[in-house]
Amino acid sequence: MYPQAKSNGARVCIIGAGMAGLTSAKYLKDEGIDFTVLECSYYVGGMWRYEGRLLCDSFESILHTCCFGDLRLNLPHPAMELSGYPMPKYMHFFPSAEIYYYYIQRYAEHFNLMEHIQLLHNVTSVRREGNVWKVIYNKVLNKTDHEEEYDFIIVGTGHFSNANVPKFPNEELFKAGTSAWDIIIDMLKYAKTVVHSHHSKQNIKTKFPDRYIRKPDIKEFKENGVVFVDDSYEEIDDVIYCTGKCHFYNTDNYI
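Under full-length UniProt numbering, the sequence shown has 43 at position 43, and the numbering climbs by one with no breaks.
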């Protein structure tokens, strides 16, 4: 793309200002290519920003991230370092998500990427017409739709926003991965009992207290609890799904 884009003054649209979008923007800027980043939320950094609220201030849009309060990187920070912007040597080998998000923000500011990023611009459609890509986006603040043409598209939306929520029999009766293990450790600080349903064969070496109960897959929900595939039953007050995310792509779009 670079030689063609540089030679004919092409315009490039990057969808998303998370890790993929920001690093793509940095390289396009280095090559002197005209580009715009469209980001649906009001911040950069994508999944690494912890948002304790569901509603974003005065916006009706619910912009989820998969980050939670005590999340830490599960890879050493040299593996998560962005090219051209080294992490501080004093940084913890497995930094918290909060620290890593701060690093991503500094990356965007250091390379002057923010001037190319349009926040609260939610892309709703991308289609190919002739020799151009037609991009329709919604301005979240005033809820107006706009269309622009670009020569190239870079999709940096990731797949950590749309939750994969499994369906279980009778779940409507109920009243009340790696992410699950992290959340369990946090929950054991407060909960009387934590029941963990999973089918992983991974041998977790972490020593859990007696209040941790391991169970197989869920068979069905009851009004006040859960029946598991081994026909055992546990009374449950709340359920936290740690079942991954889904890709968002519209079936009627080319992308």
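No residue lacks a Cβ here, since even glycine has one placed at the ideal position from N, Cα and C.
Boundaries of the alpha helix (DSSP H) in which lysine 26 is found, first to last residue
19-30
Which residue from Lys222, Ile240 and Asp238 puts its Cα closest to that of serine 232?
Lys222
Inter-residue Cα distance where the pair is isoleucine 14 and alanine 97:
24 Å
Could you tell me how far apart the beta carbons of serine 41 and leucine 119 are, in whole angstroms, since I believe they sit closer than 8 Å?
7 Å
Of the residues Met19, Lys26, Asp34 and Arg128, the one placed nearest valine 12, counting alpha carbons only:
Asp34
Delimiting residues of the beta strand (DSSP E) encompassing histidine 121
121-129
Which listed residue (Gly16, Ala10, Ile236 and Ala191) has its alpha carbon closest to that of aspartate 210
Ala191
Is histidine 77 helix, strand or coil by DSSP?
helix
CB contact check: threonine 157 to chain C, cutoff 8 Å:
This model lacks chain C altogether; it includes just one protein chain.
Quick one: is leucine 55 buried, meaning 16 or more other Cβ sit within 10 Å of its Cβ, or exposed?
Unreliable placement is indicated for leucine 55, whose pLDDT of 46 sits below 50; no coordinate value is reported for it.
Given glycine 9 as reference, the closest of Gly32, Val226 and Leu75 once Cα atoms are compared:
Gly32
Using a 10 Å radius around the Cβ and a threshold of 16 neighbouring Cβ atoms, would you call leucine 49 buried or exposed?
According to the sequence provided, residue 49 is arginine. The question's leucine does not apply to it. Counting Cβ neighbours within 10 Å, arginine 49 comes out buried, since at least 16 surround it.
Provide the residue span of the alpha helix (DSSP H) that contains tyrosine 241, from first to last.
Per DSSP, tyrosine 241 belongs to no alpha helix (DSSP H) and is neither H nor E.
Hey, how far is the Cα of glycine 16 from the Cα of proline 95?
24 Å
State buried or exposed for glutamate 149, treating a residue as buried only when at least 16 other CB atoms are found within 10 Å of its CB.
exposed
Straight-line CA distance for tryptophan 132 to alanine 108?
Per the sequence shown, residue 132 should be read as valine rather than tryptophan. Computed Cα separation, rounded: 28 Å.
Local conformation of cysteine 56 per DSSP, three classes:
At cysteine 56 the pLDDT is 48, less than 50, meaning the model places this residue with poor confidence; the figure from the coordinates comes in the next sentence. Coil at cysteine 56, not helix or strand.
Quick test of your reading: isoleucine 236 and valine 226, contact by CB under 8 Å. State the CB separation rounded to the nearest angstrom.
5 Å
Should asparagine 122 and tyrosine 137 be called a contact, given that it needs their Cβ atoms to be closer than 8 Å?
yes
Please classify aspartate 57 as buried or exposed, where buried requires at least 16 other C-beta atoms within 10 Å of its C-beta.
Note that aspartate 57 has pLDDT 47, beneath the 50 cutoff, so the model's placement of it is unreliable and no number is given.
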